[in-house]
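Trainee: Sharing a structure with you now.
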Amino acid sequence: MEKNSCIFCRIIQGQLSSNIVWQDDSAIAIRDLNPQAPSHILVIPREHMSDITECKDSQILGSLFHKTSIVAAQEGLNKGFRIVVNTGSDGGQTVAHLHIHVLGGRAMSWPPG
Ligand code: 5GP
Ligand code: ZN
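FYI, the numbering for the sequence shown is 0 to 112, going by numbering that gives the first Met the number 0.
Structure, rendered in structure tokens:
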């Protein structure tokens with residue numbers, strides 16, 4: 000996808016506003032526009048990758064997961080949280096730029112819908 004037409008690339012480039020809660024040189028964490036829990040944060044690599052299948056670099060993926068726990072701790076989710084990586088149409092992915100959802104602040108149910 001073109002960087003200009005990718006919502007998350009535009010947020011990362013500062014062309015669209017967002018509520019940034021954490022960032023470093025390779026990723027940002029923003030509050031989801033349509034939160035599904037009291038805390039709903041998206042951890043997004045600055046580099047555009049459409050989904051997890053497009054990322055062959057285990058270091059990038061590993062550090063992205065590590066960042067979710069940093070963000071959850073910052074958010075005070077000491078009772079637990081859920082991380083979700085929707086992938087492709089069956090996975091319910093709606094934005095084609097890799098991201099990890101961090102959901103918390105309420106008890107989650109299982110199985111997911
Ligand atoms: P997906 O459905 O791809 O797993 O997750 C995409 C998420 O991005 C959705 O939860 C949706 O609410 C969120 N989202 C879509 N557009 C925007 C936006 O412009 N700003 C923010 N902060 N979140 C967005
Ligand atoms: Zn993008």
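For each residue, glycine too, the CB sits at the ideal point set by N, CA and C.
Report the three-state DSSP secondary structure of residue 71 (helix, strand or coil).
Mentor: In the structure shown, residue 71 sits in a helix (DSSP, three-state: H, G or I).
Trainee: Within a Cβ cutoff of 8 Å, which residues of the same chain sit near residue 73, ignoring the five residues on either side of it in sequence?
Mentor: Contacts found: 20, 21.
Trainee: Can you give me the start and stop residues for the beta strand (DSSP E) that residue 30 sits inside?
Mentor: 26 to 30 is the span of the beta strand (DSSP E), which, as asked, contains residue 30.
Trainee: Helix, strand or coil: how does DSSP classify residue 45 here?
Mentor: It is coil, neither helix nor strand.
Trainee: For the beta strand (DSSP E) containing residue 99, list its first residue and its last residue.
Mentor: 99 to 103 is the span of the beta strand (DSSP E), which, as asked, contains residue 99.
Trainee: Spell out the partners DSSP gives residue 22 in its beta bridges.
Mentor: BP columns for residue 22 point to 27.
Trainee: Any idea if residue 71 is buried or exposed, counting beta-carbon neighbours within 10 angstroms, 16 or more meaning buried?
Mentor: Looking at its Cβ environment, which holds 16 or more other Cβ atoms inside 10 Å, residue 71 is buried.
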